[in-house]
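Enquirer:
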Amino acid sequence: MHAAADEPAAQIAADVLARLRERRPRVHCITNSVAQNFTANMLLAAGATPSMTVAPEEVAAFVAGSDALLVNLGMFDAERREAIEIGIEEAMEEGVPWVLDPVYVDRARARAAFARTIITKYPRVIRLNAAEFVSLAGSAPGVDSLKRFALDSLAVVGLTGATDLVADAARIARIENGHPFMAKVTAVGCAGTALVAACLAVEHDPWRAAVAGLVMLGVAGEIAGERAPGPGSLTIGIVDVMHALDRDTLIKHTRVT
Amino acid sequence: MHAAADEPAAQIAADVLARLRERRPRVHCITNSVAQNFTANMLLAAGATPSMTVAPEEVAAFVAGSDALLVNLGMFDAERREAIEIGIEEAMEEGVPWVLDPVYVDRARARAAFARTIITKYPRVIRLNAAEFVSLAGSAPGVDSLKRFALDSLAVVGLTGATDLVADAARIARIENGHPFMAKVTAVGCAGTALVAACLAVEHDPWRAAVAGLVMLGVAGEIAGERAPGPGSLTIGIVDVMHALDRDTLIKHTRVT
Amino acid sequence: MHAAADEPAAQIAADVLARLRERRPRVHCITNSVAQNFTANMLLAAGATPSMTVAPEEVAAFVAGSDALLVNLGMFDAERREAIEIGIEEAMEEGVPWVLDPVYVDRARARAAFARTIITKYPRVIRLNAAEFVSLAGSAPGVDSLKRFALDSLAVVGLTGATDLVADAARIARIENGHPFMAKVTAVGCAGTALVAACLAVEHDPWRAAVAGLVMLGVAGEIAGERAPGPGSLTIGIVDVMHALDRDTLIKHTRVT
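Protein sequence lines, in the order shown, are assigned to chains R, S and E.
Numbering follows this note's numbering, with no gaps: position 127 of the first sequence is 127.
Numbering follows this note's numbering, with no gaps: position 4 of the second sequence is 261.
Numbering follows this note's numbering, with no gaps: position 54 of the third sequence is 568.
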């Protein structure tokens with residue numbers, strides 16, 4: 001099922017998962033209301049403790065008390081924009097790592113412009129799909145363009161799709177795990193970015209954190225998808241599988257090159 | 258189980274569903290936060306691609322890039338009101354069909370007044386329940402009052418309940434599909450209106466689109482309800498069944514007179 | 515499994531549940547967007563009719579037409595703050611009982627200050643966890659500190675955790691029902707407070723209402739948890755079990771001292 005070369009990624013994911021379960025890091029999520037409930041349950045299942053307020057008045061207090069910050073642009077209202085700006089400032093001051101999910105930047109110009117601005121504020125990881133990548137990077141996704149975008153943005157880039165690619169300027173991982181149902185329900189990508197944020201709370205190397213988070217998501221989704229009669233059941237089963245996920249399951253199922 | 262007279266409705270639903278799956282239309286949803294996640298998953302299961310932003314600054318861009326617009330009044334805050342007005346203007350300019358779900362207009366006068374105003378802006382379909390109908394039409398629901406309301410509003414009227422009625426000034430369909438659990442969970446009606454919006458993206462006749470969307474919902478809900486131990490399971494099973502829904506299942510299960 | 519002394523609590527819960535199912539009270543919920551969908555489905559499963567708008571302009575109309583009000587601080591944005599103030603004023607004027615869920619007051623000072631202010635406006639019940647209790651009561655949770663806090667706030671206090679404690683100045687109940695998965699998914703506590711609000715709509719004694727609501731939640735969660743392969747499945751199963759909950763099941767499973 002997987003070659004010896006896969007073992008490092010499975011190992012990375014297993015080590016990070018063990019730390020998540022031991023330390024139970026707090027992850028503050030500024031995310032869209034479509035994804036909030038599923039994201040919270042996926043974080044809890046992985047061992048993290050989510051908080052979700054988007055009120056500008058209190059987001060700094062929540063970020064300061066958190067171990068990582070998720071910034072998801074899936075709802076781009078005035079309140080969330082303000083909360084994001086405050087949250088990122090606080091994260092930078094307090095040394096809290098943050099990740100960016102630039103949802104649908106390909107659909108609205110103002111959102112893409114905002115994404116470009118906050119990318120200058122050092123997200124550790126940017127997780128996006130192919131259309132969003134094209135919108136931000138100005139080129140088709142591929143190993144070279146990913147590495148270039150990672151270098152330009154000083155961030156690890158996690159491009160998800162049938163195969164996930166995780167790149168920094170030097171390293172690349174291809175994650176082959178997953179299931180077609182994962183693209184048939186909303187918020188799976190959003191939850192994946194949240195998992196990467198959780199991993200960043202316990203793993204300083206952002207490339208390893210991104211690999212760990214996306215491997216966990218891919219393996220949990222693959223196992224849940226194989227058992228699910230349809231995509232509705234996947235949304236429940238993936239939480240169950242994430243909660244039960246352990247080193248052995250990761251070692252057995254991870255397919256990364 | 259069903260008479261020959263049913264076949265047209267089943268045929269309509271099957272034809273529209275086939276086009277949904279082939280064309281994967283984009284449906285922009287201005288809807289309440291209670292219903293967003295379930296609505297998105299039902300649209301994805303039927304073959305459509307949902308977007309959900311309610312930010313007034315970007316709603317025009319999303320509507321312009323969409324094939325249909327859903328306007329749901331279940332949350333009636335200042336931001337959504339503004340987004341709805343912008344969204345409808347854009348839809349009218351761009352020729353994007355839109356549908357109205359006047360949630361709980363029977364509970365707050367300002368909401369009913371707002372609904373009456375936007376009904377002058379040519380929704381293709383209005384989907385509501387009996388209490389909402391009484392509030393807007395000023396008369397008890399029945400074949401004559403539905404046809405009159407359809408004529409007055411220049412919209413198809415879809416009244417849902419134990420039996421669904423879909424009327425324009427000339428035609429009426431009675432959809433007998435469904436399951437009691439569908440009234441025991443939130444957002445099923447909201448998702449039904451979203452399905453009608455998706456159908457409008459691939460079917461110009463709004464009466465056929467409304468029949469198609471509500472038949473799909475009723476058949477999926479009926480099959481899922483019969484398998485579900487309770488209404489919680491229905492919310493998952495209905496997504497699974499909608500994803501697997503096909504012509505044969507529709508032909509076999511549709512009960513419309 | 516349970517002693518004769520437990521029967522009163524099971525009886526209370528069974529009596530209140532029967533009234534919920536007969537009267538189907540309306541419960542208006544000003545709650546966070548993470549919890550809205552699950553809360554609505556749990557209320558529907560118990561027999562209540564939820565509404566969820568947080569628009570300041572119409573919250574008074576919804577509260578005036580409701581039998582109980584839930585105030586949950588899990589999202590503490592300007593709009594919800596205004597809606598809460600209007601909603602509580604209306605509830606006091608109309609004699610609509612209201613309950614408070616001071617989510618995460620231990621994480622942000624302004625939220626705790628706001629909670630302290632609205633506690634002066636006579637919530638019938640305050641439902642919280644240990645960290646939230648410490649933040650508001652200024653002392654560790656225990657029988658004496660709960661009774662003191664209940665006396666000071668003139669409210670029944672429902673402290674939830676592995677064991678739930680329900681106290682007013684004179685009475686205390688220890689609810690031993692529940693399942694570890696209930697702490698592994700979001701919004702279970704929020705839904706519990708909503709159930710207490712529903713119970714208050716049909717039971718004037720707030721201590722009995724709080725016992726009834728938390729017993730229903732604990733028993734439903736325990737039965738669902740024992741059947742669930744993981745916490746994801748719990749979120750669905752608990753709605754199914756709540757919908758099927760009856761006197762016999764409550765009498766058989768309630769463990770209260």
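From the three backbone atoms N, C-alpha and C, an ideal C-beta is built for every residue, glycine too.
1. Using a 10 Å radius around the Cβ and a threshold of 16 neighbouring Cβ atoms, would you call D658 (chain E) buried or exposed?
2. Pick helix, strand or coil for A542 (chain E), following the three-state DSSP scheme.
3. Do we get a CB-CB distance below 8 angstroms when we pair H500 (chain S) with the residues of chain R?
4. If the cut-off is 9 angstroms on Cβ atoms, which residues from the stretch 421-455 of chain S count as contacting chain E, listed in chain order?
5. For M309 (chain S), which option in S:E433, S:A448, S:A466 has the closest C-alpha, if you only look at C-alpha atoms?
6. Taking Cβ positions, are R280 (chain S) and V459 (chain S) nearer each other than 8 angstroms?
7. Is there a Cβ of chain R sitting closer than 8 angstroms to that of R621 (chain E), yes or no?
8. Would V256 (chain R) and G221 (chain R) qualify as a contact pair, given that the criterion is a beta-carbon distance under 8 angstroms?
9. For H718 (chain E), does the count of other Cβ atoms within 10 angstroms reach 16, so buried, or fall short, so exposed?
10. So what's R431 (chain S) in DSSP terms, helix, strand or just coil?
11. Can you find the residues in the same chain that come closer than 6 angstroms, C-beta to C-beta, to A91 (chain R), ignoring five residues on each side of it along the sequence?
12. If you reduce the DSSP assignment to three classes, tell me which class D666 (chain E) lands in.
13. Hey, L234 (chain R) and M182 (chain R) are a contact pair by Cβ (cut 8 angstroms); roughly how many whole angstroms apart?
14. Apply the 10 Å Cβ neighbour rule to E389 (chain S) and answer buried if 16 or more other Cβ atoms are within range, or exposed otherwise.
15. Where DSSP assigns a beta bridge to D678 (chain E), which residues make up the other side?
16. Considering P180 (chain R), what are the terminal residues of the beta strand (DSSP E) in which it resides?
17. Going by DSSP, name the residue or residues bridged to D615 (chain E).
18. Only counting the same chain, and skipping five residues up and downstream in sequence, which positions put a Cβ closer than 6 angstroms to that of A726 (chain E)?
19. Which same chain residues, not among the five before or five after G225 (chain R), have their C-beta less than 6 angstroms away from its C-beta?
20. Going along chain R in order, which residues have a C-beta closer than 7 angstroms to the C-beta of H319 (chain S)?
21. In its own chain, which residues sit with a C-beta less than 8 angstroms from the C-beta of N386 (chain S), not counting the 5 before and 5 after it?
22. Starting from Y122 (chain R), find everything on chain S with Cβ-Cβ shorter than 7 angstroms and list it in chain order.
23. What number of angstroms, rounded off, separates the C-alpha of A5 (chain R) from the C-alpha of L146 (chain R)?
24. In the DSSP assignment, find the alpha helix (DSSP H) that holds L759 (chain E) and state where it starts and stops.
25. Comparing the C-beta of G158 (chain R) with each C-beta of chain S, is any distance below 8 angstroms?
26. Within its chain, find whatever has a CB closer than 8 angstroms to the CB of V316 (chain S); leave out the 5 residues flanking it on each side and keep chain order.
27. Measure from the C-beta of I287 (chain R) to each C-beta in chain E and report whether the shortest distance is under 8 angstroms.
28. Assuming L772 (chain E) and V680 (chain E) are in contact, meaning their beta carbons sit under 8 angstroms apart, how far apart are those beta carbons, in whole angstroms?
29. Quick one: is the Cβ of E89 (chain R) within less than 7 angstroms of any heavy atom of the ligand SAM?
30. Would you identify the three-state DSSP class for V256 (chain R), choosing helix, strand or coil?
31. Quick check: what's the CA-CA separation for R80 (chain R) versus V476 (chain S)?
32. Residues in its own chain within less than 7 angstroms of H259 (chain S) by CB, not counting five upstream and five downstream?
33. Classify A654 (chain E): buried if its beta carbon has 16 or more other beta carbons within 10 angstroms, exposed otherwise.
34. Please state whether the Cβ-Cβ distance between N586 (chain E) and N546 (chain E) is less than 8 angstroms.
35. Output, in sequence order along the chain, the residues in the stretch 38-62 of chain R whose CB is closer than 9 angstroms to any CB in chain S.
36. Whose C-beta lies closer than 7 angstroms to the C-beta of W464 (chain S) among residues of the same chain, with five residues either side of it excluded?
Expert: Looking at the coordinates:
1. Residue environment for D658 (chain E): exposed (fewer than 16 other C-beta atoms within 10 angstroms of its C-beta).
2. The sequence given here has His at residue 542 (chain E), not Ala. Residue state for H542 (chain E) is assigned as strand, using DSSP reduced to three classes.
3. Residue contact check for H500 (chain S) against chain R: a CB pair falls below 8 angstroms.
4. Residues F438, A440, K441, V442, T443, A444.
5. Ranking the options by Cα distance to M309 (chain S), first place goes to S:A448.
6. For R280 (chain S) and V459 (chain S), yes; Cβs fall inside 8 angstroms.
7. Yes, contact with chain R.
8. With a cutoff of 8 angstroms on beta-carbon distance, V256 (chain R) and G221 (chain R) are scored as not near each other.
9. Classification for H718 (chain E): exposed.
10. R431 (chain S): strand per DSSP, three-state reduction.
11. Taken in chain order, the residues that qualify are V63, L69, W98.
12. DSSP places D666 (chain E) in helix when its eight states are reduced to three.
13. By a beta-carbon distance limit of 8 angstroms, L234 (chain R) contacts M182 (chain R). Their separation comes to about 7 angstroms.
14. Buried.
15. Its beta-bridge partners are E:I689.
16. Premise fails: P180 (chain R) is in no beta strand (DSSP E) and is neither H nor E.
17. DSSP lists E:N586 as partners of D615 (chain E).
18. Cβ neighbours of A726 (chain E) beyond the five flanking positions: I526, A527, V530, C713.
19. Within the same chain, G225 (chain R) has close Cβ partners H179, F181, L234.
20. In the sequence as displayed, the identity of residue 319 (chain S) is Phe instead of His. Those within 7 angstroms of F319 (chain S) in chain R are R107, A108.
21. The beta carbon of N386 (chain S) lies closer than 8 angstroms to those of L416, T417, G418, G446 in the same chain, with the five residues before and after it left out.
22. Here the premise fails: no neighbours, minimum Cβ distance about 25 angstroms.
23. Confidence in A5 (chain R) is poor, its pLDDT being 46 and thus under 50, which makes the residue's placement unreliable; the coordinate value appears in the next sentence. When rounded, the distance between both Cα atoms is 22 angstroms.
24. From DSSP, L759 (chain E) is part of no alpha helix (DSSP H); its letter is neither H nor E.
25. False, the Cβ-Cβ gap to chain S never drops below 8 angstroms.
26. So the qualifying residues of the chain are H285, I287, T310, A340, I343, G344, E347.
27. The question about residue 287 (chain R) has no answer, for chain R in this structure spans 1 to 257.
28. Here chain E covers residues 515 to 771 and nothing more, so residue 772 (chain E) does not appear.
29. The ligand SAM is absent from the structure shown, which contains no ligands of any kind.
30. Correct three-state label for V256 (chain R): strand.
31. Whole-angstrom Cα-Cα distance: 39 angstroms.
32. Model confidence at H259 (chain S) stands at a pLDDT of 42, short of 50, so the residue's coordinates are unreliable; what they give is reported in the following sentence. T511, R512.
33. Residue environment for A654 (chain E): exposed (fewer than 16 other C-beta atoms within 10 angstroms of its C-beta).
34. Yes; because the gap between Cβ atoms is below 8 angstroms, this pair is in contact.
35. Here the close residues are F38.
36. Taken in chain order, the residues that qualify are V413, V423, D425, R428.
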